[in-house]
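If you count by full-length UniProt numbering, then the sequence shown holds residues 1 to 498, one letter each, in order.
Using N, Cα and C, we set each Cβ at its ideal position, and we do this for glycine too.
Input: a single structure, listed below in structure tokens.
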Amino acid sequence: MAASAAAVMEELRGSFREGRTRPAEWRTAQLRALVRMIEEKEDDISNALHADLAKPRMEAYLHEISLAKGACMFALKGLKNWMKPDKVPSAITTFPSTAQIVPEPLGVVLVISAWNYPFLLSIEPVIGAIAAGNAVVLKPSEIAPATSSLFAKLLPEYVDSSCIKVVEGGVTETGALLEQKWDKIFYTGNGNVARVVLAAAAKHLTPVALELGGKCPVIVDSNVDLHVAAKRIAVGKWGCNNGQACIAPDYIITTKAFVTELVDSLKRVLERFYGEDPLQSADLSRIVNISHFGRLTKLIDDKEVATKIQLGGQTDQEQLKIAPTVLVDVPLDTALMTGEIFGPLLPIITVDKIEESIAHINAGAKPLAAYLFTKDKKLQQDFVSNVSAGGMLVNDVALHLTNPHLPFGGVGDSGMGSYHGKLQLLCADPCASGVPEGEALAELSSLPSPVQHSRIVHVHEGDVVHFCTVKRQCASVFNRCKIWDYHRISGCNLILHK
């Protein structure tokens, strides 16, 4: 395998040195080919995602397929400007010269993707590498074999295989790839493997972007619109791959006086989303494999944990399904509370005063995302000022990753480096000087829930879809790719229309 990996690297290195990937025309052609692939093979992609995760068709479309196409379209729209030199002021010592930062492709990029969103998390970094003028190798996750095989089949049909390749396989193949000297490595996954990737990259002084995870907290104040908060938390937790998402809520913090109301509201929302028997719901994704199923069931089989279940807890090993499960005041030293859950279990920690929640979050590792539901402006400011996380939202969860103008990435144990939008290009390009980074505070409209999927329809390419919020009364193109017509059935703060 090492020889094969070396041969792949040699071919791609040769293509890059010949300058094949540098012209804007080549980059544009590859991105347009990816758009064509997504449009023409949407059914195949959806079927692969269902085979790997039993991902509902509309969830697959909304959370992976449409976002992937949107990322391509956004890159195509911005590529010409992204490739231009960035003029900067000259110093008095260099007068009367001018100064500029010129974007330069790095070379050959390795993308090692994750299994939980196996299409989106594979294709987005590849888009960035192509837009930056690099050759790229995609190593899809072997834990999502149907999607991995689909990439191996489709990419050679649509893009330049002398510059863009797919290498399938497991630990052995990944190890062989990591032995090569890359110009950039982009890894999405868990912290343990990230350390292996980082150690391998260090031998060659290869720059690395790590998109990891962590225990993403949700603070829920007692002054919120409880139904809206519960619905948005439920969509962000169970409506996103049944909790198998790096930015899904990992635990909630609320007050002892408010916890009963919150649990009751979550129960009503979950019954509406998935019915009285969620294990039989077609809208609930399954756990990816028996190993992860066993890991999650072991967490709730713990005697100290099992007695704290307030809602859910049902499992079906044959289907690899675990019902949405809510627990209250689980001991903080249990495995459920010390490690990232990455599944449908949602513990709630209670405090006497909501202000205590910030200290609790800061006592742990920095998460990939942190969320707050409150109407208290001072608490909002304290949250943003005093909590360190890759991304932050107020009064919603998860939606920040859909904004291509915001950097998406972790901090500390949740990762290093950012991507999305123009940063897609910069993630595989050394010209990052002057690019602002920081935490995103946004009061955004929520993701569509399972019961809203039937109300979401395709819009023909070219139709303009506007969205306006009642609060802001502004209009803009939604989701970057003109393909949604989304009518909310509750909340009354987001209306989309043709």
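### Query
Considering ALA365, what are the terminal residues of the beta strand (DSSP E) in which it resides?
Within the sequence shown, numbered from 1, the residue matching residue 365 stands at position 365. Here ALA365 belongs to no beta strand (DSSP E), and DSSP marks it neither H nor E.
### Task
Could you check if ARG17 is buried or exposed, using at least 16 other CB atoms within 10 Å of its CB as the buried criterion?
Within the sequence shown, the letter at position 17 stands for residue 17. So ARG17 counts as exposed.
#### Entry: Rounded separation between residue 499 and ALA3 - CA only
Here the chain covers residues 1 to 498 and nothing more, so residue 499 does not appear.
### Task
Take the Cβ of ILE92 as the centre, count every other Cβ of all protein chains shown within 10 Å, and call the residue buried at 16 or more, exposed below.
As a position in the sequence shown, residue 92 is number 92, starting the count at 1. Exposed is the call here.
### Task
Assign SER55 to one of three DSSP states: helix, strand, or coil.
Along the sequence shown, read from residue 1 onward, the residue named residue 55 stands at position 55. The residue asked about is misnamed: residue 55 is Lys in this sequence, not Ser. The answer is coil: DSSP assigns LYS55 none of H, G, I, E or B.
### Secondary structure of PRO125, DSSP reduced to three states
For the purposes of this step, residue 125 is taken as residue 125 along the sequence shown, with counting starting at 1. DSSP places PRO125 in helix when its eight states are reduced to three.
### Query
Since ALA135 and SER15 are thought to touch, with beta carbons under 8 Å apart, how far apart are those beta carbons, to the nearest angstrom?
Against the sequence shown, residue 135 aligns to sequence position 135. Against the sequence shown, residue 15 aligns to sequence position 15. Rounded, the Cβ-Cβ distance is 5 Å, consistent with contact.
### Message
Suppose the cutoff is 6 Å on Cβ atoms and the five residues either side in sequence are ignored; what does the same chain contact list for PRO125 look like?
### Response
On the sequence shown, residue 125 is found 125 positions in, with the first residue counted as 1. So the list reads VAL111 and PHE186, once near-sequence residues are dropped.
### Message
Assuming GLY133 and THR21 are in contact, meaning their beta carbons sit under 8 Å apart, how far apart are those beta carbons, in whole angstroms?
### Response
Numbered from 1 along the sequence shown, position 133 holds the residue referred to as residue 133. Numbered from 1 along the sequence shown, position 21 holds the residue referred to as residue 21. Going by Cβ atoms, the distance from GLY133 to THR21 rounds to 5 Å, so yes, they are a contact pair.
### Secondary structure, alpha helix (DSSP H): runs of 4+ residues fully inside the stretch 18–63
When DSSP assignments are scanned along the stretch 18–63, the uninterrupted stretches of alpha helix (DSSP H) that are 4 or more residues long and fall wholly within it turn out to be 24–40, 42–53 and 57–60.
### Message
Is the separation between the beta-carbon of ILE349 and that of VAL326 shorter than 9 Å?
### Response
Here residue 349 refers to the residue found at position 349 when the sequence shown is read from its first residue. Here residue 326 refers to the residue found at position 326 when the sequence shown is read from its first residue. The Cβ-Cβ distance between ILE349 and VAL326 does not fall below 9 Å.
### Query
ILE101 by DSSP, collapsed to three states: which one?
Your numbering for residue 101 matches position 101 in the sequence shown. In the structure shown, ILE101 sits in a strand (DSSP, three-state: E or B).
### Task
Within its chain, find whatever has a CB closer than 6 Å to the CB of LEU279; leave out the 5 residues flanking it on each side and keep chain order.
If you number the sequence shown from 1, residue 279 lands on position 279. The answer, listed in chain order, is GLN314, ASP316, LYS321 and ALA323.
### Query
Could you give the C-beta distance for VAL411 and LYS366, rounded to a whole number, given that I count them as a contact under 8 Å?
Within the sequence shown, residue 411 is the residue found at index 411, counting from 1. Within the sequence shown, residue 366 is the residue found at index 366, counting from 1. Your pair VAL411 and LYS366 checks out as a contact, with CB atoms roughly 5 Å apart and the cut at 8 Å.
#### Entry: Contact with chain B by ILE112, beta-carbon distance below 9 Å
Here there is only one protein chain, and chain B is not present.
### Query
If you draw a straight line from the C-alpha of GLY175 to the C-alpha of MET1, how long is it?
Position 175 of the sequence shown, counting from 1, holds the residue named residue 175. Position 1 of the sequence shown, counting from 1, holds the residue named residue 1. Straight-line Cα distance between these residues: approximately 9 Å.
### Query
In the stretch 275–313, which residue ranges form an unbroken alpha helix (DSSP H) of at least 4 residues, counting only runs that do not cross its ends?
Runs found: 290–301 and 303–306.
### Query
Using a Cβ-Cβ cut-off of 8 Å (strictly less than) and excluding sequence neighbours within five positions of LYS181, which residues of its own chain qualify?
Stepping through the sequence shown from its first residue, residue 181 is reached at position 181. So the list reads MET9, HIS204 and THR206, once near-sequence residues are dropped.
#### Entry: Close beta carbons around ALA7, own chain, < 6 Å, minus the five adjacent residues each side
Reading the sequence shown from its first residue, position 7 is the one you call residue 7. Within the same chain, ALA7 has no close Cβ partners at all.
### Task
Look up HIS255 in the DSSP assignment and say whether it is helix, strand or coil.
Taking the sequence shown and counting its residues from 1, one reaches residue 255 at position 255. Note that residue 255 corresponds to Thr in the displayed sequence, not to His. If DSSP states are grouped into helix, strand and coil, THR255 belongs with the strands.
### Message
Mapping the DSSP letters down to three states, classify LYS321 as helix, strand or coil.
### Response
To locate residue 321, count along the sequence shown from 1; it is residue 321. Reduced to three states, the DSSP call for LYS321 is strand.
### Query
To which residues of the same chain is CYS246 closer than 6 Å at the C-beta, ignoring the five residues directly before and after it?
Translated into positions along the sequence shown, residue 246 becomes position 246. Closer than 6 Å at Cβ, skipping near neighbours: GLY213 and LEU368.
### Task
May I ask which residues mark the beginning and end of the alpha helix (DSSP H) holding MET73?
Mapped onto the sequence shown, residue 73 falls at position 73. If you look at MET73, you'll find it in the alpha helix (DSSP H) that goes 66–82.
### Task
Could you tell me which of PRO85, PRO105 and GLU104 sits nearest to THR98, measuring between CA atoms?
Here residue 98 is taken as the residue at index 98 of the sequence shown, counted from 1. Among PRO85, PRO105 and GLU104, the Cα nearest to that of THR98 belongs to PRO85.
### Task
Have a look at THR147 and GLU173 and give me their C-alpha separation to the nearest angstrom.
The count along the sequence shown starts at 1 and reaches residue 147 at position 147. The count along the sequence shown starts at 1 and reaches residue 173 at position 173. Per the coordinates, the alpha-carbon of THR147 lies some 17 Å from the alpha-carbon of GLU173.
### Query
Can you tell me whether DSSP reads GLY107 as helix, strand or coil?
In the sequence shown, the residue the question calls residue 107 occupies position 107. Under the three-state reduction of DSSP output, GLY107 falls in the coil class, being neither helix nor strand.
### Query
Between VAL218 and SER357, what straight-line distance do the alpha-carbon atoms span, to the nearest angstrom?
If you number the sequence shown from 1, residue 218 lands on position 218. If you number the sequence shown from 1, residue 357 lands on position 357. Here the C-alpha atom of VAL218 lies approximately 9 Å from the C-alpha atom of SER357.
### Task
For ALA209, write down the residues that DSSP places opposite it in a beta bridge.
Stepping through the sequence shown from its first residue, residue 209 is reached at position 209. According to DSSP, which records beta bridges pairwise, ALA209 is partnered with PHE186.
### Query
Cα separation between LEU266 and ILE130?
One-based indexing of the sequence shown puts residue 266 at position 266. One-based indexing of the sequence shown puts residue 130 at position 130. Approximately 43 Å, taken between the alpha carbons.
### Query
Exposed or buried, which one is SER122 when buried takes at least 16 other CB atoms within 10 Å?
On the sequence shown, residue 122 is found 122 positions in, with the first residue counted as 1. Buried: at least 16 other Cβ atoms inside 10 Å.
### Query
So, helix, strand or coil for LEU377, using DSSP?
Taking the sequence shown and counting its residues from 1, one reaches residue 377 at position 377. The residue asked about is misnamed: residue 377 is Lys in this sequence, not Leu. Note: LYS377 maps to helix in three-state DSSP.
### Query
Do VAL208 and MET58 come within 9 Å of each other at the CB atom, strictly closer than that value?
Position 58 of the sequence shown, counting from 1, holds the residue named residue 58. Position 208 of the sequence shown, counting from 1, holds the residue named residue 208. No, the pair does not count as a contact, with Cβ atoms beyond the cut-off.
### Query
From LEU311, ILE164 and ASN242, pick the residue whose C-alpha is nearest to that of GLU11; which is it?
Numbered from its first residue, the sequence shown carries residue 11 at position 11. Among LEU311, ILE164 and ASN242, the Cα nearest to that of GLU11 is on ILE164.
### Buried/exposed call for SER66, threshold 16 Cβ in 10 Å
Residue mapping note: residue 66 aligns to position 66 of the sequence shown, counting from 1. Buried, since its Cβ has 16 or more Cβ neighbours within 10 Å.
### Query
Starting from ILE233 and walking both ways along the alpha helix (DSSP H), at which residues does that stretch end?
Here residue 233 is taken as the residue at index 233 of the sequence shown, counted from 1. Its alpha helix (DSSP H) spans residues 226–237.
### Query
Does the Cβ-Cβ distance between ASP183 and GLY128 come in under 9 Å?
What you label residue 183 is simply residue 183 of the sequence shown in a count that begins at 1. What you label residue 128 is simply residue 128 of the sequence shown in a count that begins at 1. Contact flag unset, no.
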